[in-house]
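In the working numbering, the protein residues as written are 1 to 157. One structure is given here, and the rest of the page talks about it.
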């Protein structure tokens, strides 16, 4: 059984499983450099549950981790159920994904060569600048070609 099948109640700070059992906070984990803060929820009511085999293999019962920011993910999931939000996401994919594809394929940028956040930011900024310069040059030459064609067209006809 997946976490999304459990309902979180913010007011009581507890989860409810599909069988109606409550999972309460067991422990809290502090944020680290690689993981956000979280709270582990658990219940001991799993021993007599008919869905135990589907839900957990632990002798201690089912446990769920709720990370800081999970409420934002849940809110986004609700928003993304609306057709207009799905339409906007499709539009964004059409605008943003080709840029990253160009950077990866044409600029041959598959991985960062620098270490550390500062080095990665500098390297990515340089890649974006190179992309923007290439787009500006392409637009300039496109404009120039149209100008020449229009100019030649005025003399020919």
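No residue lacks a Cβ here, since even glycine has one placed at the ideal position from N, Cα and C.
Own chain partners of residue 132 with C-beta closer than 8 Å, once the 5 adjacent residues on each side are dropped: none
Collapsed DSSP secondary structure at residue 12 in the structure displayed: coil
Reduced DSSP category for residue 19 - H, G, I as helix; E, B as strand; rest coil: coil
Secondary structure, alpha helix (DSSP H): runs of 4+ residues fully inside the region 30-99: 52-55, 70-79
Candidates 50, 45, 71: closest to residue 60 by CA position: 45
Short Cβ contact (9 Å threshold) for residue 175 with residue 66: This structure gives no information on residue 175, because the portion of the chain shown stretches from 1 to 157.
Between the CA atoms of residue 136 and residue 30 - distance to the nearest angstrom: 47 Å
Environment of residue 24 [buried if 16+ CB atoms lie within 10 Å]: exposed
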